[in-house]
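In terms of the numbering used here, the sequence shown opens at residue 384 and continues consecutively.
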Amino acid sequence: MTYLSNNWQGVNYSTNNERSFDSKYSPNSTFFESVSFKKKFSNMILGALSKEEFQRIASNSNRVSLAEGEILYQPDDKIDYIYFPETAVVSQFCILEDGRTIEVAMVGKEGITGQGAIYGSEMAHHWTQVSVAGKALKISLDVVKQEFNRCEALQSRLLNYFNQYTTQISNRVVCNNYHLVEKRFCSWLLMLCDRHGSEEFMLTHSHVAGYLGVHRPSFTHVAKKLRERGVIDYCRGNLSVLDRSELLRHACECYTGIEQSF
Numbered sequence: 384m385t386y387l388s389n390n391w392q393g394v395n396y397s398t399n400n401e402r403s404f405d406s407k408y409s410p411n412s413t414f415f416e417s418v419s420f421k422k423k424f425s426n427m428i429l430g431a432l433s434k435e436e437f438q439r440i441a442s443n444s445n446r447v448s449l450a451e452g453e454i455l456y457q458p459d460d461k462i463d464y465i466y467f468p469e470t471a472v473v474s475q476f477c478i479l480e481d482g483r484t485i486e487v488a489m490v491g492k493e494g495i496t497g498q499g500a501i502y503g504s505e506m507a508h509h510w511t512q513v514s515v516a517g518k519a520l521k522i523s524l525d526v527v528k529q530e531f532n533r534c535e536a537l538q539s540r541l542l543n544y545f546n547q548y549t550t551q552i553s554n555r556v557v558c559n560n561y562h563l564v565e566k567r568f569c570s571w572l573l574m575l576c577d578r579h580g581s582e583e584f585m586l587t588h589s590h591v592a593g594y595l596g597v598h599r600p601s602f603t604h605v606a607k608k609l610r611e612r613g614v615i616d617y618c619r620g621n622l623s624v625l626d627r628s629e630l631l632r633h634a635c636e637c638y639t640g641i642e643q644s645f
């Protein structure tokens with residue numbers, strides 16, 4: 384995958400870049416007086432909290448704009464911040480000795496990044512990178528841990544998400560080993576659509592091949608067949624879904640297994 388190989392060669396993406404932060408939220412802001420205040424955030428974990436609980440954690444957060452390709456954590460990095468994606472989608476990768484990559488988990492508005500640090504493992508295990516640009520809330524690990532210990536609703540939602548996350552990883556282990564590239568790609572693209580809320584993406588064949596852990600020609604062959612059937616279209620780095628029902632029909636059963644817990 385192009386991004387990862389370039390980054391290993393020393394391209395520096397700051398993991399604590401403040402340039403795109405909105406101002407920090409104030410607990411006294413009239414923003415919190417709005418009946419629909421939680422609709423300002425699309426992250427499903429935060430959206431499930433009560434107004435008081437949400438105020439407490441949001442007042443210590445920053446809304447950030449995450450750029451495509453931006454690195455949030457590298458393996459063995461100490462995790463200082465947790466990201467709650469809203470419109471951004473984040474991928475976690477394993478990188479093999481020969482430089483090949485494969486995505487092991489995808490995180491969007493249903494979840495968080497760096498969750499292992501909340502439970503005591505504060506070192507990153509995967510290369511974590513933004514796959515689709517968008518917004519997220521960035522909150523310090525200390526604040527999230529404090530709220531996890533004091534807020535039963537947040538604790539329940541995070542533990543439930545941890546179960547969803549492990550379900551996704553276990554399903555994808557099976558998927559990556561036993562299912563055809565076409566079925567894997569269809570499942571992957573459906574997952575991406577669900578998390579981003581869109582059916583159009585800036586994705587090259589090389590990028591998708593990196594997510595799937597296959598050679599670019601293998602994916603290009605699959606994409607060409609799906610375009611001929613009217614399922615997807617692509618042109619110059621743009622990939623779009625034309626027929627979601629057909630995409631679902633061509634996906635493997637892993638998609639249903641993963642999304643049942645979404």
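Where a beta carbon is used, it is the ideal one built from N, C-alpha and C, also for glycine. Here the structure is a predicted model, which means the values were calculated and not measured.
N426 in three-state terms, based on DSSP: Three-state result, N426: coil.
Same chain, Cβ closer than 7 Å to G596, five either side skipped, listed in chain order: Once the five neighbours on either side are set aside, the close Cβ partners of G596 are R483, T484, I485 and N559.
G452 versus R627, T603, G593 and K608, residue with shortest Cα-Cα distance: The shortest C-alpha separation from G452 is found at G593.
Local Cβ density within 10 Å of S553, reported as buried at 16 or more and exposed below that: Exposed: under 16 other Cβ atoms inside 10 Å.
Under the three-state DSSP convention, the category T511 falls into: In the structure shown, T511 falls within a strand segment according to DSSP collapsed to helix, strand and coil.
N-terminal and C-terminal residue of the beta strand (DSSP E) that S623 is part of: N621 to V624 is the span of the beta strand (DSSP E), which, as asked, contains S623.
Three-state secondary structure (DSSP) of C576: C576: helix per DSSP, three-state reduction.
Distance between beta carbons of G494 and Y548, contact taken as under 8 Å: About 6 Å separates the two Cβ atoms, so the contact holds.
Nonlocal neighbours in the same chain, by C-beta distance under 6 Å from H562, ignoring five residues either side: Here H562 has C635 as same chain residues with Cβ atoms under 6 Å from its own Cβ, once five neighbours each way along the sequence are excluded.
Check whether R578 and V487 have beta carbons under 7 Å apart: R578 is not a Cβ neighbour of V487, given a cutoff of 7 Å.
Opening and closing residue of the alpha helix (DSSP H) in which L541 lies: E535 to Y561 is the extent of the alpha helix (DSSP H) around L541.
Where R483 falls: helix, strand or coil (DSSP): DSSP places R483 in coil when its eight states are reduced to three.
Local Cβ density within 10 Å of Y502, reported as buried at 16 or more and exposed below that: Its Cβ having fewer than 16 others within 10 Å, Y502 is exposed.
Identity of the residues DSSP links to Q438 by a beta bridge: Looking at the DSSP assignment, Q438 forms no beta bridge with any residue, so it has no partner.
N- and C-terminal bounds of the alpha helix (DSSP H) containing P600: Residues R599 to E611.
Cβ-Cβ separation, W510 to F467 (assumed contact under 8 Å), whole Å: Not a contact, Cβ separation roughly 20 Å.
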